Amino acid sequence: MAEMILEVSHLTICREGSTVVDDVSFRLEAESDTALVGPNGAGKSTLVQAILGVLPRRSGDVRVLGHALGLRGQLPAAVRDQVAYLPQSIALHGRFPLSVAEFVGLGWDRAALALPWRGGRARRAAVALALAKVGGEDLAKRLVSDLSTGQLKRILLAFCVVRPRRLLVLDEAQAGLDAQAAEQFHGLLFNLRRSEGWTILQVSHDLEMVRRTCSGVLCLNRSLRCSGSPDHALSPAELERLYGRGWVAYHHHHSDASRS
Amino acid sequence: MLDSGFDPAHLTQLLALPFMQRALLAGLLTGLLGGLLGSFAVLRQLSFFSDALGHSALLGISLGVLLGLNPTLVLIPFAVLFALGVNHLAGRSQLPTDALLNIVYSSSLALAVLLLSRVRSYKGGLQQLLFGDILGVSWLDLGVILLLLISAGGYLLLSRRSQILLTIDEPLAISRGVAAGWHRLVFIVVLAVVVAISIKAVGVLLISAFVVIPACASRLVCRGFNAYVLVAALLGAGCAVVGLLASGAFDLPSGPSVVVVQLLGFLLALLVAPHSRLARP
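Line by line, the protein sequences are chains A and B. For the first sequence, the tail end lands on 260 under our numbering, and the numbers increase by one without skipping. For the second sequence, the tail end lands on 1281 under our numbering, and the numbers increase by one without skipping.
Next up, the structure:
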């Protein structure tokens, strides 16, 4: 039996009194690439944030690499090291005096209290290697607030790849990218997934991309409506069940990716 | 005020006076502390918090006067309670934080002035509270500021990584295992204590300048985080010393002199900043 990287059972999440994710269960096998799809407000971002311990859950269990996620989102540091999260965007207000190399280094460090200069040489080597893997060597000295959206996504991938990870959670990674940049980003993600042996859970609106690259799909609209291979879960009948009647066969054009 | 002119001999005489030496030391330490804390506070958009706390602190001082206690003793618990209260309110309320802070500080200010108007025995004068009395700083005050500088500096140094991650993106920080709620609370309490301690020297009206201006000037010119924090702290300390010397030499009020020097530093940073433009929106 394949190793389970993430096991979610009967997960229910409430926000401000209403249930936004209801009794969701699924498992991710090692090195699978699973998309989480569903209409706006379906609870996709809430679900991934609860899995990471960012948002609290009402009930249910989450196991990451076999370790139970505590009720307040606690995970052993050794497990945390192997999980990376790519948020939709990071909102930097104004000039942010943090260089790309410093930012990527934060992905290498553990969060515990430590003297800043500890592990300096190993960190520098890891950061240089990570930037090389995402083709961002020339960005090392730039400020994170000076980057374009595409460059920032690349650097966020470097933040993930700077340490060996098992599980990568992406929340609409392609949001804000134009067609060409989204294609490049996915190509890079696809290659890194294979070379690094990542298991991926990604929130996505780009059903075409999901059809082409993902091995599994979870359809969420508050509860899990269906799951399985892209051919099954993204069939017109299932999509109508997920997005409601009036759903027209969704030929995703990349110009849509620049929304949201 | 400019009639006194500049007289080097006068300045040398001043520097020999113990109270002037204490004032310079207090300015140096307060400037370091303000720049250090401010560099994080400004990135976290907490600059208005320090302003609001400064203004509200007048209520703490008035309560101290009313109860016949040493104002500094009342100020620290008052500031901590203020920080905890605002943090709690901001987490629970559906109103934006700046509006909440505005309500809290303007009502504290009103209450403070009403209280002070009822206290006849109060001879200290509002002027001193508003603009500080750095010449009245005692050795004990200096010791407290130094202790605070060491503990705040130690905390920020050890939790540096967590602080930066929290400043960039809270969910990202939590996903890396940062205890976000805890660090947010500790930081806001440390900032509150720093503001409270510095009020005696700087006054309630100008304290936020110590936190905001050096950090913003440094933010405009620095290209790395370590340099940014270091330059903010040194700029804070340098401006304070230069401002105090100028205030001694030209017989000007001390707090405002320091803030004007900080402003000059900021304008200089604007000029030398890459592309010499204000921070992007």
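Glycine included, C-beta positions come from ideal geometry on N, C-alpha and C. Source: prediction; values computed, not measured.
Put simply, the CB of B/Ser1162 is near chain A, with a gap under 8 Å to one of its CB atoms.
Excluding five sequence positions before and after A/Leu152, none of the CB atoms of its chain fall closer than 6 Å to its own CB.
Chain order gives the chain A residues near B/Gly1224 as Pro97, Leu98, Ser99, Ala101, Glu102, Lys141 and Leu143, where near means a beta carbon separation below 9 Å. Any Cβ of chain A closer than 8 Å to the Cβ of B/Gly1177 would place that residue at the interface, and such an atom is present. Within the segment 227 to 247 of chain A, contact with chain B at the beta-carbon level (separation under 9 Å) is assigned to no residue.
Residues of chain B whose Cβ lies closer than 7 Å to the Cβ of A/Val54 are, in chain order, Pro1171, Ile1174 and Ser1175. Out of A/Glu196, A/Leu47 and A/Val20, the CA that lies nearest to the CA of A/Phe26 is found in A/Leu47. Of the other Cβ atoms in all chains shown, fewer than 16 fall within 10 Å of the Cβ of B/Pro1008; this residue is therefore exposed. At least one beta carbon of chain A lies nearer than 8 Å to the beta carbon of B/Leu1220. Nearest CB-CB separation between B/Leu1046 and chain A: not below the 8 Å threshold.
The segment 1119 to 1186 of chain B contains, as complete alpha helix (DSSP H) runs of 4+ residues, the segments 1126 to 1131, 1139 to 1158, 1160 to 1168 and 1170 to 1175 (chain order). Annotation: the continuous alpha helix (DSSP H) that includes B/Ser1257 extends over Ser1254 to Val1272. Looking at the DSSP output, A/Thr12 bridges to A/Ser59.
Residues of chain B whose Cβ lies closer than 9 Å to the Cβ of A/Gln49 are, in chain order, Pro1171, Ile1174 and Ser1175. Taking a C-beta distance under 8 Å as the contact criterion, A/Ala233 and A/Gln202 do not qualify as a contact pair. In the displayed model, A/Asn40 falls within coil according to three-state DSSP, outside both helix and strand. Cβ proximity to chain B below 8 Å picks out Gly73, Leu75, Ala77, Arg80, Val83, Ala84, Tyr85 and Pro87 from the segment 55 to 89 of chain A. Under the three-state reduction of DSSP, A/Phe26 is assigned to strand.
Closest by C-alpha distance to B/Arg1022, out of B/Leu1116, B/Gly1143 and B/Val1080, is B/Gly1143.
Between B/Leu1191 and B/Leu1029, the C-beta spacing is not below 8 Å.
Cβ-Cβ separation between B/Gly1181 and B/Gly1132: approximately 34 Å, too far for a contact (criterion under 8 Å). Between A/Gln74 and A/Gly60, the gap from beta carbon to beta carbon reaches 8 Å or more. Measuring C-alpha to C-alpha distances from B/Val1186 to each of B/Asp1098, B/Leu1135 and B/Gln1163 identifies B/Gln1163 as the nearest. Cβ-Cβ separation between B/Gly1031 and B/Phe1210: approximately 7 Å, consistent with a contact (criterion under 8 Å).
Within the segment 169 to 202 of chain A, the complete alpha helix (DSSP H) runs of at least 4 residues fall at 179 to 196.
Residues Ala84, Ala130, Ala158, Phe159, Cys160, Val162 and Arg163 of the same chain have their beta carbon placed closer than 8 Å to that of A/Gly107, with the five preceding and five following residues left out of the count. Taken through DSSP and simplified to helix, strand or coil, A/Ser229 comes out as coil. Under the three-state reduction of DSSP, B/Leu1220 is assigned to helix. Proximity to A/Ile90 across B/Phe1048, B/Pro1171, B/Pro1253 and B/Ala1201 peaks at B/Pro1171, based on C-alpha coordinates. DSSP, reduced to helix, strand and coil, places B/Asp1051 within a helical segment of the structure shown.
The beta carbons of B/Leu1234 and B/Ala1152 sit no closer together than 8 Å. Taking a 10 Å sphere around the C-beta of B/Phe1225, we find 16 or more other C-beta atoms and assign the residue as buried. Around the beta-carbon of B/Leu1114, fewer than 16 other beta-carbon atoms lie within 10 Å, marking it exposed.
Using beta-carbon distances, A/Asp23 does not count as an interface residue toward chain B, since no partner is under 8 Å. Within the segment 109 to 139 of chain A, contact with chain B at the beta-carbon level (separation under 9 Å) is assigned to Asp109, Arg110, Ala111, Ala112, Leu113, Ala114, Leu115 and Pro116. Around B/Leu1095, no beta-carbon contact reaches into chain A at under 9 Å, the shortest distance being about 15 Å.
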